[in-house]
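Numbering (the numbering used here), first residue to last: 4 to 463.
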Amino acid sequence: MPNFFSAPVLGIDLGASFTKVSYRPGWTAGQHYDKPCRLVMIENRPLVPSLVIHKKGARTSWLCGQTAAVYRPLNGDQVFTNWKADLFSNELTLKVSGSLKAAGEFFRWLHEKISAAGIDVAACRVKVCLPAFPDIDQPASILGQEMELSGWRNATVSRVMEPRANTVGVFGEGRNMLFRPAPHADVNPHYGVMYPQGSPLLNHLRQYGLFDGPRHATIVIADIGSFTTDLSIVDFDAGADGDFIADTEQTSYKVGIIAGFEEPLLDHLSGRHGFAVEGLTFEEREAIKRAFALGKSFVLTLPGSQNIKLGDAADQKVARQIAAELASRVWDSYREKTANKQVKYLILTGGGSVAPLVRDAIHARFSSAKVNWADVDGMETENGEVGDLRRWPDTGETLGRLATAVGAASVILDLPAGPPQKEEISIGPIESPWISCGCQGGNKECMRCGGRGMYLRQGA
4 MPNFFSAPVL GIDLGASFTK VSYRPGWTAG QHYDKPCRLV MIENRPLVPS LVIHKKGART
64 SWLCGQTAAV YRPLNGDQVF TNWKADLFSN ELTLKVSGSL KAAGEFFRWL HEKISAAGID
124 VAACRVKVCL PAFPDIDQPA SILGQEMELS GWRNATVSRV MEPRANTVGV FGEGRNMLFR
184 PAPHADVNPH YGVMYPQGSP LLNHLRQYGL FDGPRHATIV IADIGSFTTD LSIVDFDAGA
244 DGDFIADTEQ TSYKVGIIAG FEEPLLDHLS GRHGFAVEGL TFEEREAIKR AFALGKSFVL
304 TLPGSQNIKL GDAADQKVAR QIAAELASRV WDSYREKTAN KQVKYLILTG GGSVAPLVRD
364 AIHARFSSAK VNWADVDGME TENGEVGDLR RWPDTGETLG RLATAVGAAS VILDLPAGPP
424 QKEEISIGPI ESPWISCGCQ GGNKECMRCG GRGMYLRQGA
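Here it is, written out as structure tokens:
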């Protein structure tokens, strides 16, 4: 059996706020493969804070995970809340060079946590989800080098576009089943049991096949994430061979919850109520964001037992305005990609799908679009799994929040199935255009790096 199927798969949805990791064991024997994808529970949670903190002068200088999430920054500490976005910067500033180091420390920590869950990382095909930007090659190569230097050297690492993985997760729910009609025959998808009963795709196919309904349906999946909004436009043809997919388009836009909702909201609250955003812990920022997304107030307790109540009528009005502005940017992206297309279903996933204030604003902004909103709650049921590896219903999070990670670990990575395709460009061996400087960023007068710790390779 080829390594493409026999090797286990590790999927990493590298989110700006939270990272999600999924795992699917390899196909070792038999004619049928039906082992579902599992979410790796790190620190007993499916959502891993992507935050990285460097403590100035401390013995344990780098903090990740929950330790970083509850840590209150002090003067001199460096807090990397959105280092993923810095990887796409065109200039190497002090902030960007620090984010590169933070990325390496995060992946070193993540490797240790995944290994502690009993997964042999070196034996896996590792798929890292990245935005579908046209200029993705250089950031991918930089990230690949940081992963290699952080313990992932022996793993087979490749990248997959976030919209594609999200689509696979939504339609397949980690169940993409395979079979071989004979011991040495080609591997084929088991379409009859791959799509969960009740999903928009299966409903459309049943409507056409059983009730002579419409032959075609265009479905758009909008993944509203922390850093980007990813759009998948999938054209289903009930008469097409194989997986019924006639055409697909994937695009990512720099429209996300952090820049579009969290940062302007916190700027307003800090200015009105007199507290420093820089002094908040990651958990406090998330708690404030969740409270406002639900239309609720929040009591912020600062050092010295000072309590500040956030979320009165004036605050909520501003929050609704900010959500409406974010929804308008999502609408502009949607309109650009769906011009001259007749979209039948619209599915919302990502952090925006679980934030009622943002979700309602998007629904209101899209009121003129003649589409049917389809839920992505998932059709799988809980089975009581506990421990480090769990089916997504047993994690406590919705499929909409976990779909990209679930799709990344699919044995077949197509839309949503089909014959195996060549993997995306490997991000491991590509040489980074940046070189670590011998001064390690400690010399602000350094002629090479100017104290940034890295300098651009000649000719890059």
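Built from N, CA and C at the ideal position, the CB exists for glycine as well. Quick caveat: nothing in here was measured; it's all calculated off a predicted structure.
In this structure, the straight-line span from the alpha carbon of alanine 377 to that of arginine 48 is close to 27 Å. The beta carbon of glycine 177 lies closer than 6 Å to those of Pro39, Cys40, Val409 in the same chain, with the five residues before and after it left out. Around the C-beta of serine 371, fewer than 16 other C-beta atoms lie within 10 Å, and the residue is accordingly described as exposed. Leucine 54 and glutamine 81 have their alpha carbons spaced roughly 11 Å apart.
Non-local beta-carbon contacts of lysine 299 in its own chain, meaning distances under 8 Å to residues more than five positions away in sequence, involve Gly314 in chain order.
Between isoleucine 15 and arginine 128, the alpha-carbon positions lie close to 11 Å from each other. Closest in alpha carbon position to phenylalanine 278, among Gln253, Ser331, Pro306, Ser235, is Pro306. When rounded, the separation of the alpha-carbon atoms in aspartate 270 and leucine 204 is 42 Å. Under the DSSP assignment, glycine 14 falls in the beta strand (DSSP E) whose first and last residues are 12-17. As for any alpha helix (DSSP H) of minimum length 4 sitting wholly inside the stretch 180-259, the runs are 194-197, 203-214, ordered along the chain. Within the model, the alpha-carbon separation for valine 237 versus glutamate 339 is close to 15 Å.
The C-alpha of valine 24 lies about 30 Å from the C-alpha of leucine 77.
For cysteine 67, the pairing in a beta bridge is given by DSSP as Val55. Going by beta carbons, phenylalanine 301 and alanine 88 fall outside the 7 Å limit. In this model, glutamate 400 and asparagine 179 are separated by some 20 Å (Cα to Cα). Judged by DSSP in its simplified three-state form, phenylalanine 278 adopts coil rather than helix or strand. For the pair alanine 125 and alanine 158, the CB atoms are nearer than the 7 Å cut-off. Beyond the five residues adjoining it in sequence on each side, valine 379 comes within less than 6 Å, by CB distance, of Val173, Ile350, Thr352, Leu402, Gly403 in the same chain, given in chain order. By the neighbour-count definition (other C-beta atoms within 10 Å, threshold 16), glutamine 34 is an exposed residue.
Of the other Cβ atoms in all chains shown, fewer than 16 fall within 10 Å of the Cβ of histidine 366; this residue is therefore exposed.
Looking at the DSSP output, asparagine 310 shares a beta bridge with Thr304.
If you ignore the 5 residues before and after alanine 105, its C-beta comes within less than 6 Å of the C-beta of Val55, Phe83, Trp86, all in its own chain and listed in chain order. Cβ atoms of alanine 296 and valine 361 come within 8 Å of each other, at about 6 Å. The bridge partners DSSP lists for asparagine 85 come to none. When the Cα atoms are used, glutamine 324 and aspartate 318 turn out to be separated by approximately 10 Å.
For leucine 77, the three-state secondary structure derived from DSSP is coil. Distances from the CA of threonine 398 to each of Leu13, Val43, Gly18 were compared; the closest alpha carbon is that of Val43. The stretch 218-230 makes contact with the stretch 254-271: 3 or more CB pairs, one atom from each, lie closer than 8 Å.
Taking 7 Å as the cut-off, the Cβ atoms of alanine 241 and leucine 208 count as close.
For phenylalanine 109, the closest alpha carbon among the candidates Asp140, Phe21, Thr170 is that of Phe21.
Within the same chain, and ignoring the five residues on either side of isoleucine 45 in sequence, the residues whose Cβ sits closer than 6 Å to its Cβ are Val51, Lys116.
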